[in-house]
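> To start, I am sharing the structure in question, which I have written as structure tokens.
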Amino acid sequence: MSFATSINCMDGRVQLPVINWMKDTYGVEYIDMITEAGPNKVLLEGSAGQLEEIKKKVLVSTEKHGSGTITIAGHHDCAGNPADRSQKEKEIKRAVELIETWDLGAEVVGLYVNENWEVEVVTE
1 MSFATSINCM DGRVQLPVIN WMKDTYGVEY IDMITEAGPN KVLLEGSAGQ LEEIKKKVLV
61 STEKHGSGTI TIAGHHDCAG NPADRSQKEK EIKRAVELIE TWDLGAEVVG LYVNENWEVE
121 VVTE
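Going by the UniProt record's numbering, the letters in the sequence shown line up with residues 1 to 124, in that order.
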């Protein structure tokens, strides 16, 4: 079994696009999905407790499931983080930098799901 991890929005419209893109791109069977309303904003502006909860879940995925890839996704028309695309892309890049400081031994990639529900890479 092979796993990857996504810190994604709870919005149901973005679940399958991200899952399918990650399976196709990384050749994994399963995606461990960690969801928040506006996850980029939560990572950057949330409480220490919120950040710790996300990190604990990511650690389960990397340590127990052997995930070697973590994506952080933002998307068009997000109710939890109603910023424009330009602002979201900046937040995604900063969130990737934050997750990289956790030293998890995994590749961290930023994604943006556009108005057509297509996944675009923001960082690599």
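From the three backbone atoms N, C-alpha and C, an ideal C-beta is built for every residue, glycine too.
Taking Cβ to Cβ, would you say D32 is nearer than 8 angstroms to S67?
Contact: yes.
> Would you check if the segment 1-8 and the segment 71-79 touch, i.e. whether three or more CB-CB distances between them fall below 8 angstroms?
Yes: at least three Cβ pairs fall under 8 angstroms.
> Looking at the unbroken beta strand (DSSP E) that takes in D32, where does it start and where does it end?
D32 -> beta strand (DSSP E) spans 30-36.
> Pull up the distance between the alpha-carbon of Y26 and that of V58, whole angstroms please.
If I take the Cα positions, the gap works out to 17 angstroms.
> Suppose the cutoff is 7 angstroms on Cβ atoms and the five residues either side in sequence are ignored; what does the same chain contact list for E89 look like?
Closer than 7 angstroms at the Cβ level, and outside the excluded window around E89, lie Y112, V122.
> Apply the 10 Å Cβ neighbour rule to S56 and answer buried if 16 or more other Cβ atoms are within range, or exposed otherwise.
Here residue 56 is Lys; the residue named in the question, Ser, does not match the sequence. Result: exposed.
> What are the start and end residues of the beta strand (DSSP E) that includes A73?
Taken as a continuous stretch (DSSP letters only), the beta strand (DSSP E) holding A73 covers 69-75.
> Less than 8 angstroms separating the beta-carbons of G80 and G38?
Going by C-beta atoms, G80 is nearer than 8 angstroms to G38.
> Looking only at its chain, what residues have a beta carbon closer than 7 angstroms to the beta carbon of V119, apart from the 5 residues adjacent to it on each side?
If we look at V119 and ignore the five residues flanking it on each side, its Cβ neighbours are P17, V18, W21, L111, V113.
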